[in-house]
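Numbering (the working numbering), first residue to last: 131 to 269.
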């Protein structure tokens, strides 16, 4: 049963690479903090799936923000807890290495997954819309 609660092998390195390439979504969680009371569990695919015990991403942090507070308020920013963990680590690293960059994320998924128009994916907690990082002008 524990094996069903983790991402497919090889998924996290690819996700981490994408997070570092496009920016990432870092949550306002201390390093090592438990992300969620129960482990997230994905079912199906990004295009036909659902998720249990998803983690809702925060609206903003030191070097990131949600593109749409409305979408976040409507519950369209939930992900698998391991996706959130990768994003947390990525944003922390990016904050140290690129402190002048501001990262923006869009929609990710609904609390229980399933269809989320207009997206064809975003159904099982593994999809994150990331925007190209914005360079803030020096003060």
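Quick reminder that beta carbons are idealized off the backbone N, C-alpha and C, glycines included. All of these numbers come straight from a predicted model, not from anything done at the bench.
Per DSSP, reduced to three states, the secondary structure at residue 194 is strand.
At a cut-off of 3 residues, the continuous stretches assigned as beta strand (DSSP E) that sit fully inside the stretch 194-234 are 194-196. Note: residue 237 is not bridge-paired with any residue in the DSSP secondary-structure output.
Distance between residue 222 and residue 235, taken at the CA atoms: about 15 Å. Rounded to the nearest whole angstrom, the C-alpha separation of residue 227 and residue 220 is 10 Å.
DSSP places residue 173 inside the beta strand (DSSP E), whose first and last residues are 171-174. Around the CB of residue 265, fewer than 16 other CB atoms lie within 10 Å, so the residue is classed as exposed. Taking residue 207 as reference, the option from 216, 189, 194, 179 with the minimal CA-CA separation is 189.
With fewer than 16 other CB atoms across the displayed protein chains lying within 10 angstroms of its CB, residue 230 is exposed.
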